[in-house]
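S.K.:
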Amino acid sequence: MVESKEPPVKHQIVVEALSHTYRPARGREVLALEEVSLAIAPREFVALLGPSGCGKSTLLYLIGGFLPVERGAIRIEGAPVAGPGPDRGIVFQHFALFPWRTVRANVRYGLEKLALAREEQERRAQAFIELVGLTGFEESYPSQLSGGMKQRAALARTLAVDPKMLLMDEPFGALDAQTRSLMQAELYAIWQRTPKTVLFVTHDVQEAVRLAQRVVVMSARPGKIKATVDIALDRADPHIYRSPAFAEKVDEIWNLVRDEAIKAQ
Amino acid sequence: MARLILRVAPWLSVLAVALAWELFARSGAVTPFMLPKLTTVLARIWADAGSGDLAHNLGLTLYRALAGFAVAALAGIGLGFAVAYNRAARWLFDPLISVGFPMPKIAFLPIITLWLGFHDVSKISMVVFDAIFPVVTATLAATLAVERELLWSARNLGASERELLHEVVFPAALPQIMTGLQVALPIALIVCIVAEMKLGGVGLGGAMITASRFADSPGVFAGIVEIAIAGYVLVRLMARVRARLLAWHPETAAPASV
Ligand SMILES: Nc1ncnc2c1ncn2[C@@H]1O[C@H](COP(=O)(O)OP(=O)(O)OP(=O)(O)O)[C@@H](O)[C@H]1O
Ligand SMILES: [Mg+2]
């Protein structure tokens, strides 16, 4: 259960003794992360769980290069992070869609930056809009969509640029159970089809066990890594989700998360 | 029928004032010199429209007000961005804006006429000087309030710092900038007319002062009605522009009032 100390070269994302303090202009300082270390291999699918306010989003922002690294280090493929890059696609917890762009234009934004031919942009945007089930809403503005639809639009926008690494902050949090299950299957298929490293924040233990190869549980604020659980399930087996092995993993992680959630109260 | 009532309802108060004016002027409680009948005033406007005087005066006033407004809008938006993004510009302009906004800019009119004379340049400068403040402050506030996650997601998708400005900051700030412009437009018209009244010559304000000198009471009141109508039309047009530019904004889907 302890962080393994492997040489960092074989890892794509390496976080070392990372601490982060928020210093708002007014109000008190908050130590959001304390000495977090985490190494993620290429093509690995890691789920990140932890009580609300433990610093999951903060960790993603730091890896994404949006916040400056003050203490500790983050290396992406061996190099320290220097700002955001399209190699690390992020899906924000609150979507961050451009409200002045339609769904289609939102999904196209990253493709415009790739300087693809216009037809190729349109084709890819359309494919990902279909993938997330927003066909028919291409010309809608975000303000005209439900929360779950916005979330799917944001998902399509990030997936469309096909980033090597995906940083996903509760990307299915606003979805109903059915859509959620569909989206999980799509994400899983994409991950299998294309070489992607995924760091996936969720509050849903079942979701974490269903998707991830490794589940990292964080402790209540200040966020530390509390435990890492490897999930070695045979995912080719369609009945795996009803197997005792699956239930056992869910239970194990539930207990870890629950302790922290109680502490966070 | 119900729809017709809804359409005219907002005008009932205006109609009531017009009716009260007409009845009061006819009642004999005041002399026609103090308050001419509304119908007399309307007839006067009609006559001025026929002779071309109205078009001449109104045209000049609108030209000055709108030219000043356009300069204030462009310079104000530019200055707002500069102050938001440039430390030197902020040091230089932030105190000036704070001190200048609440000042009665019209008090500078004598100085401006000393420097620039009595012609259009000074009137337009006066308009710019007054109308620029709400634009700068709205642009500055809006620019500083752009959600950081919007900037982050644009950067994440590959936007350069230059692209961020016109692809994210400007559209995100536009609703508030438009509000600033909507405040600045009536100010432009007001200041233009006050400057015309002070400096005289052709224009709605100048024409009213001339009418007043000649004790031409219907002429003075005609000016007031013309200004009211011109102001109303300008404000409505601006609201249309806003709805056009902000089609994506939730407010456009459910407009608040007339
Ligand atoms: N901009 C900010 N300024 C000050 N403090 C902040 C800021 N953002 C987050 N924090 C603090 O940092 C801590 C971690 O926040 P973060 O958003 O990373 O939590 P989280 O694990 O993503 O929570 P949730 O599951 O609710 O999304 C919180 O306790 C919060 O108080
Ligand atoms: Mg969060």
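Same order as they appear, the protein sequences are chains A and B. 0 is the number of the first residue of the first sequence in numbering that gives the first Met the number 0; add one for each residue after it. 0 is the number of the first residue of the second sequence in numbering that gives the first Met the number 0; add one for each residue after it. All C-beta atoms, glycine included, are put in the ideal place defined by N, C-alpha and C.
Are the region 54-63 of chain A and the region 161-178 of chain A in contact at 8 angstroms, needing three or more beta carbon pairs?
M.R.: In short, these stretches touch, since the Cβ pair count reaches three.
S.K.: Quick check on A:Tyr-108 - is its C-beta less than 7 angstroms from some C-beta in chain B?
M.R.: Against the first sequence, residue 108 of chain A aligns to sequence position 109. Yes - at least one Cβ of chain B is within 7 angstroms of the one on A:Tyr-108.
S.K.: Compute the minimum distance between the beta carbon of A:Pro-23 and the heavy atoms of ligand 1, and state whether it is under 6 angstroms.
M.R.: Residue numbering aside, residue 23 of chain A sits at position 24 when the first sequence is read from its first letter. Yes, the beta carbon of A:Pro-23 sits closer than 6 angstroms to at least one heavy atom of ligand 1.
S.K.: With C-beta atoms as the reference, is A:Ala-155 less than 7 angstroms away from A:Ile-189?
M.R.: Along the first sequence, one-based indexing puts residue 155 of chain A at 156. Along the first sequence, one-based indexing puts residue 189 of chain A at 190. Cβ atoms of A:Ala-155 and A:Ile-189: not closer than 7 angstroms.
S.K.: Given this structure, state the Cα-to-Cα distance separating A:Val-1 from A:Ile-261, to the nearest angstrom.
M.R.: To locate residue 1 of chain A, count along the first sequence from 1; it is residue 2. To locate residue 261 of chain A, count along the first sequence from 1; it is residue 262. Low confidence applies to A:Val-1: its pLDDT is 48, below 50, so where it sits in the model is not reliable enough to give any reading.
S.K.: Short of 7 angstroms Cβ to Cβ, which residues in the region 122-142 of chain B face chain A?
M.R.: Result list empty, no residue passes.
S.K.: Could you tell me if A:Thr-201 is buried or exposed, where buried requires 16 or more neighbouring beta carbons within 10 angstroms of its beta carbon?
M.R.: The residue you call residue 201 of chain A lines up with position 202 of the first sequence. So A:Thr-201 ends up on the buried side.
S.K.: Flag A:Val-92 as yes when its Cβ comes closer than 6 angstroms to any non-hydrogen atom of ligand 2, and as no otherwise.
M.R.: Working through the first sequence from its first residue, we reach residue 92 of chain A at position 93. For clarity, residue 92 of chain A is Gln in the given sequence; the question names Val instead. Checking every heavy atom of ligand 2 against the Cβ of A:Gln-92, one is found closer than 6 angstroms.
S.K.: Just verifying my parser: in three-state terms, what is the DSSP assignment at A:Asp-268?
M.R.: Nothing about residue 268 of chain A can be read from this structure; chain A reaches only from 0 to 264.
S.K.: Any heavy atom of ligand 1 closer than 6 angstroms to the beta-carbon of A:Gly-54?
M.R.: As a working note, residue 54 of chain A is residue 55 in the first sequence. Correct: A:Gly-54 has its Cβ closer than 6 angstroms to ligand 1.
S.K.: Please report the distance separating the alpha-carbon of B:Val-240 from that of A:Thr-20.
M.R.: Here residue 240 of chain B corresponds to residue number 241 of the second sequence, with the count starting at 1. Here residue 20 of chain A corresponds to residue number 21 of the first sequence, with the count starting at 1. So the two alpha carbons sit approximately 45 angstroms from each other.
S.K.: Output needed for B:Arg-184: all residues of its chain with C-beta closer than 7 angstroms, excluding positions within five of it in sequence on either side, in chain order.
M.R.: Taking the first residue of the second sequence as position 1, residue 184 of chain B is located at position 185. It is Leu, not Arg, that sits at residue 184 of chain B in the sequence shown. Once the five neighbours on either side are set aside, the close Cβ partners of B:Leu-184 are Phe-68, Leu-233, Val-234 and Met-237.
S.K.: Could you compute how far the alpha carbon of A:Phe-97 sits from the alpha carbon of A:Asn-105?
M.R.: By one-based count along the first sequence, residue 97 of chain A stands at place 98. By one-based count along the first sequence, residue 105 of chain A stands at place 106. So the alpha carbons of these two residues sit roughly 6 angstroms apart.
S.K.: Looking at chain B, is there any beta carbon in it that lies within less than 7 angstroms of the beta carbon of A:Trp-99?
M.R.: Within the first sequence, residue 99 of chain A is the residue found at index 100, counting from 1. It does: the Cβ of A:Trp-99 has a partner Cβ on chain B nearer than 7 angstroms.
S.K.: If you reduce the DSSP assignment to three classes, tell me which class B:Thr-30 lands in.
M.R.: Taking the first residue of the second sequence as 1, we reach residue 30 of chain B at position 31. In this structure, B:Thr-30 counts as coil in the three-state DSSP scheme.
S.K.: Classify A:His-10 as buried or exposed, calling it buried when 16 or more other Cβ atoms lie within 10 Å of its own Cβ.
M.R.: Translated into the one-based positions of the first sequence, residue 10 of chain A becomes position 11. Buried.
S.K.: Curious, which full-length beta strand (DSSP E) runs of at least 3 residues does the region 192-258 of chain A contain?
M.R.: Listed in chain order, the complete beta strand (DSSP E) runs (minimum 3 residues) inside the region 192-258 of chain A are 196-200, 213-217 and 224-229.
S.K.: Give the residues of chain B in contact with A:Leu-113, contact being defined as C-beta atoms less than 8 angstroms apart.
M.R.: Taking the first sequence and counting its residues from 1, one reaches residue 113 of chain A at position 114. The answer, in chain order, is Gly-157.
S.K.: Closer than 6 angstroms to a non-hydrogen atom of ligand 1 - does that hold for the CB of A:Ala-31?
M.R.: Here residue 31 of chain A refers to the residue found at position 32 when the first sequence is read from its first residue. Under cutoff, so the answer is yes.
S.K.: Helix, strand or coil for A:Ala-16 per DSSP?
M.R.: As a working mapping, residue 16 of chain A is identified with position 17 in the first sequence. Looking at A:Ala-16 - three-state DSSP - the assignment turns out to be strand.
S.K.: Is there at least one Cβ from chain B nearer than 7 angstroms to A:Tyr-140's Cβ?
M.R.: Within the first sequence, the letter at position 141 stands for residue 140 of chain A. Yes, A:Tyr-140 counts as interfacial toward chain B.
S.K.: Name the chain B residues that come within less than 7 angstroms of A:Val-160, Cβ to Cβ?
M.R.: Taking the first sequence and counting its residues from 1, one reaches residue 160 of chain A at position 161. Going along chain B in sequence order, the residues near A:Val-160 (Cβ under 7 angstroms) are Leu-156.
S.K.: Does the region 172-179 of chain B touch the region 126-138 of chain B, meaning 3 or more C-beta pairs lie closer than 8 angstroms?
M.R.: Enough Cβ pairs lie closer than 8 angstroms, so yes.
S.K.: Using a beta-carbon distance below 7 angstroms, is B:Pro-170 in contact with chain A?
M.R.: Counting from 1 along the second sequence, the entry for residue 170 of chain B is found at position 171. Output row for B:Pro-170: interface = yes.
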